[in-house]
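Heads up, the sequence shown is in full-length UniProt numbering, so the first residue is 1 and it goes up one at a time.
Heads up, the beta-carbon is just placed ideally off N, CA and C, and yes, glycines get one too.
In what follows, a structure is listed as structure tokens, so that the remarks can point back to it.
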Amino acid sequence: MNFTRNSSNTYINGSESAVSSVALNSDDATWILTSAFIIFTMQSGFGLVESGLVSQKNEVNIMVKNAVDVIYGGLSYWLYGFAFSFGIAEGTNAFCGIGYFAMDVEAEQGDVFALYFFQMSFATTATTIVSGAMAERTHLNAYTIYSFTNTISYVFPAHWLWGEKGFLKELGAIDVAGCSGVHLVGGVAGLVASIMLGPRLGRYDSSVRQGKPGSLTNVLLGTFMLWWGWLGFNCGSTFGMSGGKWLLASRSAVVTLNGSIGGGILGIAYSYYFRKGKLDVAVFITGILGGLVGITAICAVCRPWEAFLIGFIGGVVACGSCDIIDRLKVDDPVGCIGTHAVAGIWGMIAVALFVEEDELEGFSDVRGLLKGGSAKLLGVQILACVVIGAWSALTTWLQLFLINKILPIRLTREQEIIGTDKLEHGIDCNDSEDDINELEHDTLEGEEDGVDSFGEYIKNEAPALNHGAKMDQILSIHNLP
């Protein structure tokens, strides 16, 4: 993205405002808004993928969290997010923008509204990525606070990469559509959140029956929606159709598709080889999404055959890292760390290898190492990954640490067994009988943590939960009402 190429300060009511005039015509604005509408549908895609991969007792809750990301993430982006990313008032510097809080400009400044809406869709996507890593063990109230504050993790890297005076932009970092600015931010945040929360109950205990995905059909449907949304994500990042932008948008569409094809082919091969001749749906879609993430940074400035190769390698690093992360007992229910963080790093490095000069709109004025370019760009791309990854890790840890001081983030053992759909939304599910059986087993065995904490929990929560006959049997064992 290159939003400030034709920027100029705009004056409203005699005072300088943080408005970037990006010289849009009506065709450009139409393209940007349409792309943003398409990107907005990615929330549904992420929701379906995540809810399909978790157990049935948590499906509704994960969809609610995706809606919360839009509501509270959108609020915080309006209040301060856009200002820190793209403000250009006095005081704007290499670290952040200044002067554009609670965005409200004159109606004729539609270019600003278009930029705001497009970027807000990016910001909420970065938070939605994290929700998958926190699935099945997070309190909704605590997560709601995080949805509001997590905008801070995205907006500063966005300024560094694309904003006026951003230091990574000045160094020459290239990230066309958010490979590091969105996916690396979200993936690293997911890694930190997964480590801080710890694994789901019994996740790495071989004696415990592992839960089954709620709906692999929804996972595949969500993947199709993300595929569609990614085209808006990458093609819309040309930020218009005038001049030579439509040529870059057309190339981005083909490159994006080829990247996903390469990742998908890898996902199929990886699954058949490592999953005993079966096509594992989770591995398959990880390959596709890894290919899409890998191509995001370079989508407008590389060739279709290169896109296939980049996507294929993106699938390799996504699928491989997901398995490695699981062996390290970092519980990532939907594979967001490998898919977004690791594939995101590869995507940024791929720029330094394959990028070509863009003579149409100035997205790139250098060539990659494999095309005779210098190693400087490789160093800049790696620096961008290190700085953005460190920022995301630090801000995520700080947010979750402070939120946990106010409200507990992690569910208790019994709450996790019952499931968030029942606990937080009063919804019964097909998994409840098996989970109550597990509680009953703990109770009858007399495990200290099962008896004491369960009894205390039931005293406080059972009257409202109404679990039915099986729960009544367990209550009677404890002589509880």
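Taking just the CA atoms, how far does residue j sit from residue i?
i, j, result
"Leu-309", "Gly-190", "27 Å"
"Leu-394", "His-183", "16 Å"
"Ile-145", "Thr-30", "34 Å"
"Gly-315", "Ala-36", "26 Å"
"Val-254", "Gly-263", "14 Å"
"Ala-269", "Leu-407", "44 Å"
"Val-366", "Leu-248", "16 Å"
"Ile-261", "Gly-267", "10 Å"
"Val-192", "Asn-58", "21 Å"
"Tyr-100", "Leu-115", "13 Å"
"Lys-422", "Tyr-143", "17 Å"
"Lys-212", "Leu-53", "8 Å"
"Pro-333", "Phe-86", "34 Å"
"Arg-203", "Arg-209", "9 Å"
"Thr-223", "Gly-294", "16 Å"
"Trp-185", "Ala-126", "Correcting the residue identity first, residue 185 is Val in this sequence and not Trp. So the alpha carbons of these two residues sit roughly 7 Å apart."
"Thr-286", "Ala-123", "22 Å"
"Trp-425", "Ser-51", "Checking the sequence, you will find His at residue 425 rather than Trp. Computed Cα separation, rounded: 15 Å."
"Ser-194", "Thr-41", "26 Å"
"Ser-147", "Ile-403", "11 Å"
"Ile-298", "Val-355", "7 Å"
"Leu-398", "Ala-173", "27 Å"
"Ser-207", "Val-281", "25 Å"
"Asp-28", "Trp-228", "20 Å"
"Ala-350", "Ile-418", "45 Å"
"Arg-327", "Met-103", "46 Å"
"Leu-383", "Arg-410", "34 Å"
"residue 491", "Leu-370", "Here the chain has residues from 1 to 481 only, and residue 491 is not among them."
"Lys-459", "Leu-257", "Per-residue confidence for Lys-459 stands at a pLDDT of 44, beneath the threshold of 50, marking its modelled position as unreliable; the derived number appears in the next sentence. Cα-Cα distance, rounded: 55 Å."
"residue 498", "Phe-84", "The structure shown has nothing for residue 498, since the chain only spans 1 to 481."
"Val-64", "Ser-131", "10 Å"
"Pro-157", "Ile-32", "21 Å"
Indicate the three-state DSSP secondary structure (helix, strand or coil) for residue i in the structure shown.
i, result
"Arg-137", "coil"
"Arg-410", "strand"
"Ser-131", "helix"
"Ser-364", "coil"
"Gly-389", "helix"
"Met-196", "helix"
"Glu-90", "coil"
"Phe-454", "Residue placement at Phe-454 is flagged as unreliable, the pLDDT there being 44, under the threshold of 50; the coordinate-derived value follows with that caveat. Residue state, collapsed to three classes: helix."
"Phe-95", "coil"
"Asp-421", "helix"
"Gln-109", "coil"
"Gly-372", "coil"
"Asp-449", "Reliability of the predicted coordinates at Asp-449 is poor, the pLDDT of 47 falling under 50, and the value obtained from them is presented with this limitation in mind. Three-state DSSP puts Asp-449 in a helix."
"Gly-426", "coil"
"Met-103", "coil"
"Leu-201", "coil"
Of the residues the options, which one's Cα is nearest the Cα of residue i?
i, options, result
"Ser-250", "Ile-195, Leu-407 and Gly-232", "Gly-232"
"Val-49", "Leu-407, Ser-121, His-340 and Met-225", "Met-225"
"Met-348", "Asp-205, Gly-389 and Glu-357", "Gly-389"
"Asp-358", "Gly-311, Val-60, Cys-302 and Thr-412", "Cys-302"
"Tyr-154", "Ser-180, Ala-142, Gly-132 and Ala-350", "Ser-180"
"Phe-312", "Arg-327, Asp-323, Ile-288 and Ser-76", "Ile-288"
"Gly-244", "Gly-178, Arg-410 and Ala-300", "Ala-300"
"Val-219", "Ala-297, Thr-396, Gly-290 and Phe-46", "Phe-46"
"Ser-44", "Gly-74, Val-330 and Ile-62", "Ile-62"
"Ile-39", "Cys-322, Met-103, Trp-230 and Ile-174", "Trp-230"
"Asn-150", "Val-105, Tyr-80 and Asp-111", "Tyr-80"
"Val-317", "Glu-306, Gly-290, Asp-326 and Leu-279", "Gly-290"
"Gln-119", "Gly-73, Asn-25 and Gly-373", "Gly-73"
"Ile-88", "Ala-107, Leu-75, Val-112 and Tyr-77", "Val-112"
"Trp-346", "Asp-323, Cys-319, Met-103 and Leu-328", "Cys-319"
"Gly-187", "Ile-32, Thr-339 and Val-386", "Thr-339"
"Asp-205", "Met-241, Asp-331 and Lys-371", "Asp-331"
"Ser-321", "Trp-305, Ala-343 and Asp-27", "Ala-343"
"Gly-110", "Thr-92, Ala-83 and Leu-24", "Leu-24"
Say yes only if the C-beta of residue i is nearer than 8 Å to one or more non-hydrogen atoms of the ligand GTP, and no if none qualify.
i, result
"Leu-328", "With respect to the ligand GTP, the structure offers nothing, as it holds no ligand at all."
Please go through the segment 17-84 and give each complete alpha helix (DSSP H) segment of 4 or more residues, from N-terminal end onward.
-> 26-40, 42-53 and 59-76
Decide if the segment 87-101 is in contact with the segment 156-175; the criterion is three or more beta carbon pairs, one per stretch, under 8 Å apart.
-> At 8 Å Cβ cutoff, the stretches touch.
Output the residue ranges of the alpha helix (DSSP H) runs that lie fully inside the segment 280-358 and measure 4 residues or longer, sorted by chain position.
-> 281-295, 304-327 and 343-354
Counting only runs of 4+ residues fully inside the segment 145-186, write out the alpha helix (DSSP H) ranges in chain order.
-> Those alpha helix (DSSP H) runs which fall completely within the segment 145-186 and span 4+ residues are 151-162 and 167-171.
Could you give the uninterrupted runs of the alpha helix (DSSP H) lying entirely in the segment 205-285, keeping only those of 4 residues or more?
-> 216-235 and 245-274
At a cut of 8 Å, does the segment 137-151 reach the segment 372-380 through at least three beta carbon pairs?
-> Per the Cβ contact rule, the segment 137-151 is not in contact with the segment 372-380 (fewer than 3 Cβ pairs under 8 Å).
Any chance the segment 208-223 sits against the segment 396-414, with 3 or more Cβ pairs inside 8 Å?
-> no
For the segment 232-243 and the segment 63-72, state whether three or more C-beta atom pairs, one from each stretch, are separated by less than 8 Å.
-> no
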